[in-house]
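By full-length UniProt numbering, the letter at position 243 of the sequence shown is numbered 243, and the numbering carries on one by one without gaps. By construction, the Cβ of each residue, glycine as well, lies at the ideal position given by its N, Cα and C atoms. Each remark here refers to the structure printed beneath this line.
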Amino acid sequence: MFLLIFSKVFVKSIVKITVVCFRKLLFSVLPLNVITRRLSSNSKLWKTKLKSNMPTDDKVAKIGLFGVPFSKGQQRDGTEKGPGALRKGGLLKTLTSIGHDVLDYGDLPLDFSDDKEGQTGVAKNPKTVGHASKMIADKVSEVVKSGRTCLALGGDHSMAIGTIYGQHQVQPDQVVLWIDAHADINTPLTSGSGNMHGMPLSFLVKELDPYLPKIPGFEFVKPCLTAKDIAYIGLRDVDPGERYIIEKLGITAFSMQEVDKYGINEVMTRALKAIDPEGKRPIHLSFDVDSLDPSLAPSTGTPVLGGLSLREGLYIAEEVADTGRLSVIDVAEVNPSLGSEQDVETTVRNTIEFITKCFGNRRQGAYPPGYHIPLPT
């Protein structure tokens, strides 16, 4: 009897040791993806699925696109050519090739080439910028009301006055994710240049209303955001007045120092949590191409070294797409008049990459809804 019990215990021990050794050998020799395919489908550990990189038939993005050929918010000509350069670079073809429904409204009639307004008080070209902002706001409202995600192609970043205010008329609970090397929240009295592409947020933030002088052309604008509705990513060239405003109002801001310190995943998680903790509010994504490193977007008016990598930029776009709440995108400061032909091509290509990632064209590949493997005939 003793020998029988001993034999059973011995056999069980040998089996247990063999199983442990086999598992160690398996994980040391076989690739992880091979192992996971062989594990039980009931195992909770391996039930995580890759996110689909394409919309299903009932989730195809409906996009309303229009151009903002405007450059009067700053002193360099050329940003008025940005919408044309992005179209010529294949933006529409890329979006439609992955199954999206794109309606191009064309460019707004913003030709102010004969305007000699110059500086009025502390701001340059305020009536012209104000007039353009009203037209932009009306178009954004129209697109959002139609049920399409609005894609506004700029144009200098003063366009954001109109894109944000226009969205607010339809979606007053909006939040803003501002991707930029610059904060663009100078008031006319803190700005050293008077260029209005560095001021758009100051006209929209309620807490700054008492600090704004009366500017001709902006009578229609009413502050529509609170400081807690805004998050910055990519800052690295912030004026003293802007730094003061960001700190005193408690605006969520991640400079490139924080991106380097925490990584882009953590920065995006914190940014979205700060402005939309319940994950229910429509998102306005304001993307200035100078947020990217100048090696990736050289054809822009105010490049700043040490910017976002392309991978970091695309990750931001993909994470915004994953929320399912993207409502308006403005794309600013593409300037085809600056740099070489190769510089322009690089800037346009990377900008289009960013835009398409905002609409679910994930980096692991894409196919249009309804696609199937063809059968031989």
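{"Asked": "Flag this pair as yes or no: are the beta carbons of residue 68 and residue 159 separated by less than 8 Å?", "Found": "yes"}
{"Asked": "Short of 7 Å in beta carbon distance, which residues of its chain neighbour residue 299, apart from the five on each side in sequence? Order them along the chain.", "Found": "334, 335, 336, 338, 339, 343, 344, 347"}
{"Asked": "Count the other CB atoms within 10 Å of the CB of residue 109; is the residue buried (16 or more) or exposed (fewer)?", "Found": "exposed"}
{"Asked": "Taking only three categories from DSSP, how would you classify residue 232?", "Found": "strand"}
{"Asked": "For the candidate residues 210, 326, 374, 376, whose alpha-carbon lies nearest to that of residue 173?", "Found": "326"}
{"Asked": "Select from 70, 237, 106, 194 the residue whose C-alpha is nearest the C-alpha of residue 304.", "Found": "237"}
{"Asked": "How many Å lie between residue 271 and residue 251 at the Cα?", "Found": "10 Å"}
{"Asked": "How would you write the range of the alpha helix (DSSP H) that residue 150 sits in, first residue to last?", "Found": "Taken as a continuous stretch (DSSP letters only), residue 150 belongs to no alpha helix (DSSP H), being part of the beta strand (DSSP E) at 149-154."}
{"Asked": "Count the other CB atoms, across all protein chains shown, that sit within 10 Å of the CB of residue 63; report buried if there are 16 or more and exposed otherwise.", "Found": "buried"}
{"Asked": "Taking DSSP as the reference, what is the three-state secondary structure of residue 203?", "Found": "helix"}
{"Asked": "Once you ignore the five residues that flank residue 133 on each side, which residues in its own chain have a CB closer than 6 Å to its CB?", "Found": "161, 162"}
{"Asked": "On the premise that residue 185 lies in contact with residue 202, defined as a C-beta separation below 8 Å, what is that separation, rounded to the nearest angstrom?", "Found": "5 Å"}
{"Asked": "For residue 24, which three-state DSSP category applies?", "Found": "Unreliable placement is indicated for residue 24, whose pLDDT of 48 sits below 50; no coordinate value is reported for it."}
{"Asked": "At which residues does the beta strand (DSSP E) containing residue 62 begin and terminate?", "Found": "62-68"}
{"Asked": "State the DSSP-derived secondary structure class of residue 396, mapped to helix, strand or coil.", "Found": "Outside the displayed range of the chain (1 to 377) lies residue 396, so it cannot be described from this structure."}
{"Asked": "Using the Cα positions of residue 291 and residue 297, report the straight-line distance between them to the nearest angstrom.", "Found": "9 Å"}
{"Asked": "Do you know offhand how far residue 373's Cα is from residue 74's?", "Found": "51 Å"}
{"Asked": "Using the Cα positions of residue 311 and residue 263, report the straight-line distance between them to the nearest angstrom.", "Found": "11 Å"}
{"Asked": "Residue 107 bridges to which residues according to DSSP?", "Found": "67"}
{"Asked": "Which same chain residues, not among the five before or five after residue 221, have their C-beta less than 8 Å away from its C-beta?", "Found": "130, 133, 161, 165, 203, 204"}
{"Asked": "Excluding the 5 residues flanking residue 28 on each side, which residues of the same chain have their C-beta closer than 8 Å to its C-beta?", "Found": "Residue placement at residue 28 is poorly supported in this model, since its pLDDT is 45, which falls under 50; the coordinates still yield a value, given next. Excluding sequence neighbours, residue 28 sits near nothing in its chain."}
{"Asked": "Within the stretch 246-329, note down every full alpha helix (DSSP H) run reaching 4 residues or more, in order along the chain.", "Found": "256-262, 264-275, 310-323"}
{"Asked": "Can you list, in chain order, the residues of its chain whose CB lies under 6 Å from that of residue 71, leaving out five sequence neighbours each side?", "Found": "77, 79, 80, 156"}
{"Asked": "Please report the residue range of the beta strand (DSSP E) in which residue 179 lies.", "Found": "175-179"}
{"Asked": "Taking all protein chains shown into account, do 16 or more other C-beta atoms lie within 10 angstroms of the C-beta of residue 377, making it buried, or fewer, making it exposed?", "Found": "exposed"}
{"Asked": "Helix, strand or coil for residue 344? Go by DSSP, reduced to three states.", "Found": "helix"}
{"Asked": "Along the chain, where does the alpha helix (DSSP H) containing residue 421 start, and where does it finish?", "Found": "With the chain covering only 1 through 377, there is no way to say anything about residue 421."}
{"Asked": "Rounded to the nearest angstrom, what separates residue 375 and residue 179 at their Cα positions?", "Found": "45 Å"}
{"Asked": "Which of the three DSSP states, helix, strand or coil, is assigned to residue 221?", "Found": "coil"}
{"Asked": "Mapping the DSSP letters down to three states, classify residue 238 as helix, strand or coil.", "Found": "coil"}
{"Asked": "What does the Cβ neighbour count give for residue 124, buried or exposed, with the cut at 16 atoms within 10 Å?", "Found": "buried"}
{"Asked": "In or out: residue 167 buried (at least 16 other Cβ within 10 Å) or exposed?", "Found": "buried"}
{"Asked": "Hey, how far is the Cα of residue 234 from the Cα of residue 169?", "Found": "28 Å"}
{"Asked": "Where does the unbroken alpha helix (DSSP H) through residue 83 begin, and where does it stop?", "Found": "82-88"}
{"Asked": "Could you pull out every residue in the same chain whose Cβ sits closer than 6 Å to the Cβ of residue 197, ignoring the five residues on either side in sequence?", "Found": "73, 74, 156, 157, 158"}
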